[in-house]
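Residue numbers (the numbering used here): 9 to 520.
The C-beta atom is built at its ideal place from N, Cα and C for all residues, glycine as well.
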């Protein structure tokens, strides 16, 4: 099957957003999530004030304590420009207070701000929090830590003109404009994982603790591994959710991992009589058919704006289809809609697909700080990306990687240590988590990292996608592991009760 040339930034935006917990936002806060009444509280040398944390998509605020910790932007120039790292603290809820080895939660992306995911963290780590304090540090370049956001001279967010048809040159022009907006307030070459790891350790020192437990998701698993390698004596335990090996070229394998996820989704539908009868053409084939039809003749479609409900008209292209399918694959709740949406499109009814495409692109793009993301990718991954002829026959094709790294020809490149890509070899207790249907960090990545962890265990959750920390009994298991640091002793039978989400056979849901 020939590949479909992806020429727009829409697909690149979806691909770049390889983030933790997509589609797994919590609905209820755990007991004890509040309790931040009162004045200043100290943790080590840091003074924390009560604060309310809200996410990029809004929702219920999470009560916490917030502080800043000042670090030099350039560790080699301690008297130069500084960064105020934004830190949030969720105090332990148990009556005895926290232990002397708190948990650091490390967000994904690259480009997510940890504090903007406080509500999800509060749910995922609710059992851990009974005994331990949870710390969230916005990685330099994100959130409240001198964000490398793309703004114009007047401070307003930069918008890419005609983003739907933007290619490599347009993305490079946008990166140049973004870089100009950072002049005088940041050196993008100093916002890599290596500097972030050093920041985390200065925060540990300021807290006055000898050891920390690291919980990372997606790109955050890279940060956690790099920290454990650089500061082994200070890493008590690791939880890696959606595991990215140190030698992975982030974005370089999306064409292949997405193909695998779509194939597994199609196979699942084939095991369900109602799904197989409703969708006799498998998902991979139907996806290719719809893309081929739109490549031959893009369609102007009337649809509802997913935010306002107002009627709009736009031209739908193969990129919209591929971008939506990729974004939907992150979670079974959304991938369950894909066969139905594709079937509607195959019948010439494109409105649902167009509305959902806009919704997912906005949702995933809003979670990223683009400049920081480029600082990481351009220093750590871009020069290791090689042409891959095997992607020519995939749905995404080689263009997805070209768009992914397009900005790197103009973006300042930071340093990457000589041993940066070396696999982590450690006896640190480690719990690795993967979703069987993950389209960006499939279980085989976790298997590869496990080879270097003599006290590690890898749990693969059937029927699930990218990000498993909040699912079913996983918060309980993570709590038990952080308490005991004995992954082998965990009774994981409760995970067997988690099942995939049956594909929708109509917009009312799936067959009973």
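Sub-8 Å separation of residue i and residue j beta-carbons
| i | j | result |
| --- | --- | --- |
| residue 332 | residue 368 | yes |
| residue 397 | residue 423 | no |
| residue 266 | residue 337 | yes |
| residue 486 | residue 432 | no |
| residue 180 | residue 507 | no |
| residue 379 | residue 158 | yes |
| residue 155 | residue 385 | no |
| residue 53 | residue 216 | yes |
| residue 389 | residue 198 | no |
| residue 210 | residue 129 | no |
| residue 245 | residue 436 | yes |
| residue 247 | residue 231 | no |
| residue 264 | residue 402 | yes |
| residue 420 | residue 86 | no |
| residue 259 | residue 412 | yes |
| residue 469 | residue 503 | yes |
| residue 298 | residue 353 | yes |
| residue 483 | residue 134 | yes |
| residue 393 | residue 289 | no |
| residue 314 | residue 366 | yes |
Which residues DSSP lists as bridging residue i, in chain order
| i | result |
| --- | --- |
| residue 74 | 57 and 96 |
| residue 308 | 323 |
| residue 467 | 441 |
| residue 165 | 159 |
| residue 51 | 54 |
| residue 548 | This structure cannot settle anything about residue 548, because the visible part of the chain is limited to 9 through 520. |
| residue 514 | 517 |
| residue 473 | Note: residue 473 sits in no beta bridge, so no partner. |
Same chain only: Cβ atoms within 8 Å of residue i, ignoring 5 sequence neighbours per side
| i | result |
| --- | --- |
| residue 512 | 344, 345, 347, 348 and 518 |
| residue 202 | 234, 422, 423, 424, 425 and 428 |
| residue 418 | 180, 183, 184 and 187 |
| residue 460 | 431, 432, 433 and 434 |
| residue 166 | 158, 159, 160, 182, 185, 186 and 189 |
| residue 94 | 74, 76, 121, 123, 145, 146, 151, 152 and 153 |
| residue 106 | 99, 100, 139, 140 and 141 |
Own chain, CB closer than 7 Å to residue i, minus 5 neighbours either side, in chain order
| i | result |
| --- | --- |
| residue 63 | 124, 125 and 127 |
| residue 302 | 324, 325, 326 and 329 |
| residue 340 | 445, 471, 472, 473, 508 and 509 |
| residue 455 | 466 |
| residue 505 | 480 |
| residue 102 | 138 and 139 |
| residue 521 | There is simply no residue 521 to check, as the chain begins at 9 and stops at 520 in what is shown. |
| residue 150 | 119, 120, 121, 377 and 380 |
| residue 72 | 44, 59, 61, 96, 97, 98 and 126 |
| residue 292 | 270, 271 and 274 |
| residue 206 | 83 |
| residue 212 | 220 and 242 |
Whole-number beta carbon distance between residue j and residue i, since they are thought to touch under 8 Å
| i | j | result |
| --- | --- | --- |
| residue 100 | residue 148 | With a Cβ gap of about 27 Å, residue 100 and residue 148 do not count as contacting. |
| residue 294 | residue 361 | No, residue 294 and residue 361 are not in contact; Cβ-Cβ is about 12 Å, not under 8 Å. |
| residue 474 | residue 226 | 7 Å |
| residue 146 | residue 121 | 4 Å |
| residue 492 | residue 466 | With a Cβ gap of about 17 Å, residue 492 and residue 466 do not count as contacting. |
| residue 238 | residue 453 | Contact flag wrong, Cβ pair sits at about 21 Å. |
| residue 383 | residue 200 | 6 Å |
| residue 308 | residue 321 | 6 Å |
| residue 3 | residue 109 | Look at the range of the chain in this structure, 9 to 520, and you will see that residue 3 is not part of it. |
Same chain only: Cβ atoms within 6 Å of residue i, ignoring 5 sequence neighbours per side
| i | result |
| --- | --- |
| residue 69 | 60 and 62 |
| residue 477 | 132 and 249 |
| residue 516 | none |
| residue 272 | 445 |
| residue 162 | none |
| residue 31 | Its pLDDT being 38, under 50, residue 31 is placed unreliably in this model, and the value from its coordinates should be taken loosely. Around residue 31: 338, 339, 341 and 342. |
| residue 406 | 399 |
| residue 92 | 76 and 78 |
| residue 35 | With a pLDDT of only 43 at residue 35, under the threshold of 50, the placement of this residue in the model should not be trusted; the figure read from the coordinates follows. Same-chain partners within the cutoff: there are none. |
| residue 143 | 97, 110 and 112 |
| residue 278 | 284 |
| residue 89 | 81 |
Interface flag, residue i vs chain C, CB-CB below 8 Å
| i | result |
| --- | --- |
| residue 195 | Of the protein chains in this structure there is only one, and it is not chain C. |
### Message
What ranges does the alpha helix (DSSP H) occupy inside the stretch 381-417, keeping only unbroken runs of at least 4 residues that lie completely in it?
### Response
407-412
### Message
Threshold first: 4 residues or longer. Then list the alpha helix (DSSP H) segments lying entirely within the stretch 205-290, N to C.
### Response
227-238, 262-278 and 281-286
### Task
Return the chain-ordered ranges of every alpha helix (DSSP H) run that is complete within the stretch 76-144 and spans a minimum of 4 residues.
Qualifying alpha helix (DSSP H) stretches, in chain order: 126-132.
### Segments of 4+ residues assigned as alpha helix (DSSP H) that fall wholly inside the stretch 323-381
326-336, 340-343, 346-354 and 359-373
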